[in-house]
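Using the numbering used here, the letters of the sequence shown map in sequence onto residues -2 to 202.
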Amino acid sequence: MSDAGRDDRHGAARNTGAARTAFACLALVLTMTGLAFASAPLYDMFCKATGFDGTPRRGVGMTAVEDDSMLVRFDTNVAASLPWKFQVETREITAKLGETKTVFFRVKNTASTPSTGIATFNVQPALMGGYFFKIQCFCFNEQTLQPGETMDFPVVFYIDPAVRKDSNTDHLTEMTLSYTYFASKNGQPTAALATPAGAGTKTNF
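As structure tokens, this is what we get:
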């Protein structure tokens, strides 16, 4: 075979290798981009499914354990950017393990214009997130209030008796459920990343 033929074959091989490399790089970039967009929703789904990072889980209710209970405290806050008042009907209740409880929260728009808010929540101690089950909750749903409008929202929940089978939580006798309302933009709390839950302005009517 002539030198020219060999050069042509080597050139074609180099071009094929370069094309494969470019394709692999493109695939990697697309994969990483997709993971970046999916990471936040996947993390949120993971937290809700496992109770990780103090995230309450969703449940359907169960039978109460008559001889054991836990004190549940409620904390309400409003970010400075949202002209709302926010309070809970009672600051604490005693809930039997497995017992379904309902607590109402009230919000009021004190501004002269309509405004939209969205609430985030947190459970402390964080380990209780895996045993605190919400059946109904207003959290992560946008609410638009007209000037001076007041609305009441229920939170229906129970505490899984399995909390007593976990050596990390079997000694706990109380917990805190904290909510913070933020101004909402496109369905997202505008300052949730900048203001930790529980660090907003406490308000009462």
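In this text, a Cβ means the ideal position worked out from N, Cα and C, and glycines have one as well.
Alpha carbons only, please: which of Gln121, Thr173, Val100 and Leu142 is nearest the one belonging to Gly114? Position 117 of the sequence shown, counted from the first residue, corresponds to residue 114. Selected option, being the one with the closest Cα: Leu142.
Can you check whether the CB of Phe101 is closer than 9 Å to the CB of Phe150? Locating residue 150 in the sequence shown gives position 153, counting from the first residue. Locating residue 101 in the sequence shown gives position 104, counting from the first residue. Contact flag set, yes.
Within 10 angstroms of its Cβ, does Pro111 collect 16 or more other Cβ (buried), or is it exposed? On the sequence shown, residue 111 is found 114 positions in, with the first residue counted as 1. Counting Cβ neighbours within 10 Å, Pro111 comes out exposed, since fewer than 16 surround it.
To the nearest angstrom, report how far apart Ala92 and Ser109 are at their CA atoms. One-based indexing of the sequence shown puts residue 92 at position 95. One-based indexing of the sequence shown puts residue 109 at position 112. Within the model, the alpha-carbon separation for Ala92 versus Ser109 is close to 39 Å.
Taking C-beta to C-beta, are Glu86 and Leu68 nearer than 9 Å? Here the question's residue 86 lines up with position 89 in the sequence shown. Here the question's residue 68 lines up with position 71 in the sequence shown. Not a contact, by the Cβ cut-off of 9 Å.
Which residue wins for smallest C-alpha separation from Gln133, given the options Thr97, Thr177, Thr73 and Arg70? Residue numbering aside, residue 133 sits at position 136 when the sequence shown is read from its first letter. Closest option to Gln133, Cα to Cα, is Thr97.
Cutoff 8 Å; reference Thr170; Cβ partners in own chain excluding five residues on either side: What you label residue 170 is simply residue 173 of the sequence shown in a count that begins at 1. Met67 and Leu68, listed in sequence order.
Quick one: any contact between the segment 123 to 130 and the segment 145 to 162, if contact means 3 or more CB pairs under 8 Å? Because the criterion of three Cβ pairs below 8 Å is met, the segment 123 to 130 and the segment 145 to 162 touch.
Do you know how far the Cα of Lys182 is from the Cα of Asp64? As a working note, residue 64 is residue 67 in the sequence shown. As a working note, residue 182 is residue 185 in the sequence shown. Cα-Cα distance, rounded: 45 Å.
Exposed or buried, which one is Pro186 when buried takes at least 16 other CB atoms within 10 Å? If you number the sequence shown from 1, residue 186 lands on position 189. Counting other Cβ atoms within 10 Å of its Cβ, Pro186 reaches 16 or more and is therefore classed as buried.
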